[in-house]
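Take 0 as the starting number for the sequence shown in numbering that gives the first Met the number 0 and just add one per residue. Idealized CB from N, CA, C, for every residue including glycine. Heads up, the thing below is written out as structure tokens.
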Amino acid sequence: MIYGSSRINGNWLDDIFCLHDKVGPQGFKSLSSYQRINCPTLFDALVITCGRVAVRCRTGMFRIEHYKIIFFLIKFCKSMGAASWHSLYKYSIAYATFPTPIAMKKLLTTTLLLTVLSTGFAQDVSEELTAVRQACCDYIDAFYRADTTLAYRSIHPSLQKRGFSYSARDNTYSRQLEMPFPALVGLARVWNKDGKRTNEASPREVEVFEVADKTASARVKAVWGIDYIHLKKEDGRWYIVNVLWQSSPKSAHRSQ
């Protein structure tokens with residue numbers, strides 16, 4: 000540990016804080032002078048939350064235990080665009096200790112692990128969204144292509160499908176129509192068998208509302224109208240279990 004040493008006169012602090020033009024050597028003339036330092040607001044929050052791992056805050060004291068960790072945090076702050084700066088009036092630099100090789104190895108390992116985990120998480124989210132969207136596309140294409148294999152692939156046998164068909168002649172909607180899975184497969188087989196009900200311009204829109212770890216919700220728009228869909232994840236695959244549909248509405252309103 001080095002405490003108030005004259006040879007710690009700001010040189011290594013320059014290496015840390017010169018990353019930003021608002022922080023320079025003039026702010027760190029010596030440890031013994033307890034100069035106030037400028038730090039980004041985000042860094043101030045990190046100081047508080049990092050606790051004993053990187054930084055400790057005490058009344059009237061600002062303690063740096065691992066300066067390379069601080070350097071990493073400052074660099075992170077800058078990359079995040081933390082432009083709001085302020086003075087840490089309550090904290091001064093009291094003393095500093097340089098990290099041991101073992102500590103630095105742990106830091107680098109942790110940083111690498113966090114990077115890998117965050118990247119993997121982003122990939123997992125993207126894959127889940129794609130899988131849910133594909134299940135909804137299979138639902139539409141089962142009818143458009145008269146391909147029942149798509150229904151078996153992405154629609155669960157316990158399906159509960161309910162909907163309302165609009166009659167332009169009567170200017171009214173039908174009673175609630177029920178369609179279990181076997182009826183859906185039978186209709187998909189013949190509904191567009193001759194290919195005359197759809198064409199390349201027919202709507203085939205999927206909007207995924209939310210994907211959780213076990214359930215998901217979406218909305219599809221097809222030539223017959225709109226469907227609100229609930230899905231569940233089973234054995235690593237997404238299956239449609241609930242559908243509420245209606246003929247193409249004359250108007251629709253969404254909350255902001």
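Subject >> Presumed contact (8 Å Cβ cut-off) between lysine 163 and tyrosine 172, rounded CB distance >> reply: Counting from 1 along the sequence shown, the entry for residue 163 is found at position 164. Counting from 1 along the sequence shown, the entry for residue 172 is found at position 173. In the sequence under discussion, the amino acid at residue 163 is phenylalanine, which differs from the lysine named in the question. 4 Å between Cβ atoms; contact.
Subject >> Length of the line joining the Cα atoms of tyrosine 88 and aspartate 234 >> reply: Start at 1 with the first residue of the sequence shown, and residue 88 comes out as number 89. Start at 1 with the first residue of the sequence shown, and residue 234 comes out as number 235. Bear in mind that a pLDDT of 26 at tyrosine 88, under 50, signals an unreliable position, so the number given afterwards is only what the model happens to contain. So the alpha carbons of these two residues sit roughly 56 Å apart.
Original post:
Which word fits arginine 51, buried or exposed, when buried means at least 16 other C-beta atoms lie within 10 angstroms of its C-beta?
Top reply: Position 52 of the sequence shown, counted from the start, is the residue given in the question as residue 51. Low confidence applies here, because arginine 51 scores a pLDDT of 30, under 50, leaving its location unreliable; read the following figure in that light. Looking at its Cβ environment, which holds fewer than 16 other Cβ atoms inside 10 Å, arginine 51 is exposed.
**OP:** State the beta-bridge partners of histidine 229 as determined by DSSP.
**Re:** Here residue 229 is taken as the residue at index 230 of the sequence shown, counted from 1. Paired residue(s): Ser216 and Asn241.
Original post:
From which residue to which residue does the beta strand (DSSP E) around arginine 152 run?
Top reply: Taking the sequence shown and counting its residues from 1, the one referred to as residue 152 is at position 153. It is not in any beta strand (DSSP E) - arginine 152 instead sits in the alpha helix (DSSP H) that spans 147-153.
Original post:
Taking just the CA atoms, how far does alanine 221 sit from isoleucine 139?
Top reply: Here residue 139 corresponds to residue number 140 of the sequence shown, with the count starting at 1. Here residue 221 corresponds to residue number 222 of the sequence shown, with the count starting at 1. Each residue's Cα considered, the two are about 7 Å apart.
Subject >> Nearest neighbour of threonine 147, chosen from Val219, Lys249, Lys195 and Trp190 [CA to CA] >> reply: In the sequence shown, the residue the question calls residue 147 occupies position 148. For threonine 147, the nearest C-alpha among the options comes from Trp190.
**OP:** Could you name the residues of the same chain whose beta carbon sits closer than 7 Å to that of cysteine 135, not counting the 5 residues immediately before and after it, in chain order?
**Re:** In the sequence shown, the residue the question calls residue 135 occupies position 136. Exclusion of the five residues before and after cysteine 135 leaves Val205, Ala217, Val219 and Ile228 as the residues of its chain whose Cβ lies within less than 7 Å of its Cβ.
Original post:
proline 181 lies in the alpha helix (DSSP H); which residues open and close that run?
Top reply: The count along the sequence shown starts at 1 and reaches residue 181 at position 182. Looking at the DSSP string, the run of the alpha helix (DSSP H) that includes proline 181 is 180-190.
Original post:
Does the separation of the CB atoms of tryptophan 244 and aspartate 226 fall below 8 Å?
Top reply: Counted from its first residue, the sequence shown places residue 244 at position 245. Counted from its first residue, the sequence shown places residue 226 at position 227. Yes, these two residues count as a Cβ contact at 8 Å.
Subject >> Rounded Cβ spacing between serine 153 and aspartate 137 (contact assumed at less than 8 Å) >> reply: Within the sequence shown, residue 153 is the residue found at index 154, counting from 1. Within the sequence shown, residue 137 is the residue found at index 138, counting from 1. Correct: roughly 4 Å between the Cβ atoms.
Original post:
Tell me, which residues are paired with tyrosine 172 by DSSP?
Top reply: The sequence position of residue 172 within the sequence shown is 173, counting from 1. Per DSSP, Tyr165.
Original post:
In its own chain, which residues sit with a C-beta less than 6 Å from the C-beta of threonine 214, not counting the 5 before and 5 after it?
Top reply: As a position in the sequence shown, residue 214 is number 215, starting the count at 1. For threonine 214, where only same-chain residues beyond five positions count, the Cβ hits under 6 Å are Lys231.
Subject >> Spatial neighbours of glutamate 209 in its chain, beta-carbon cut-off 6 Å, leaving aside the 5 residues before and after >> reply: On the sequence shown, position 210 is the one that residue 209 refers to. Closer than 6 Å at the Cβ level, and outside the excluded window around glutamate 209, lie Ser216.
Original post:
lysine 192 to proline 202, Cα distance in whole Å?
Top reply: Locating residue 192 in the sequence shown gives position 193, counting from the first residue. Locating residue 202 in the sequence shown gives position 203, counting from the first residue. Distance between the alpha carbons of lysine 192 and proline 202 is about 18 Å.
**OP:** Would you kindly work out how many angstroms separate the C-alpha atoms of alanine 182 and alanine 251, rounded to a whole number?
**Re:** By one-based count along the sequence shown, residue 182 stands at place 183. By one-based count along the sequence shown, residue 251 stands at place 252. For alanine 182 and alanine 251, the distance between alpha carbons rounds to 29 Å.
Subject >> Spatial neighbours of glutamate 127 in its chain, beta-carbon cut-off 6 Å, leaving aside the 5 residues before and after >> reply: Working through the sequence shown from its first residue, we reach residue 127 at position 128. Hits under 6 Å: Val210.
Original post:
By a C-beta neighbour count over all protein chains shown, 10 Å radius and 16 as the cutoff for buried, is threonine 129 buried or exposed?
Top reply: The residue labelled residue 129 in the question sits at position 130 within the sequence shown. Threonine 129 should be labelled exposed.
Subject >> Classification of isoleucine 239 by the beta-carbon crowding that lies within 10 angstroms, buried from 16 upward >> reply: Within the sequence shown, numbered from 1, the residue matching residue 239 stands at position 240. Result: buried.
Original post:
Looking only at DSSP bridge pairs, what is serine 262 linked to?
Top reply: With the chain represented from 0 up to 255, any question about residue 262 goes unanswered, as that position is not in the structure.
Original post:
From the DSSP output, which residues share a beta bridge with valine 207?
Top reply: Counted from its first residue, the sequence shown places residue 207 at position 208. DSSP links valine 207 through a beta bridge to Ala217.
Original post:
Is serine 157 helix, strand or coil by DSSP?
Top reply: The sequence position of residue 157 within the sequence shown is 158, counting from 1. Strand.
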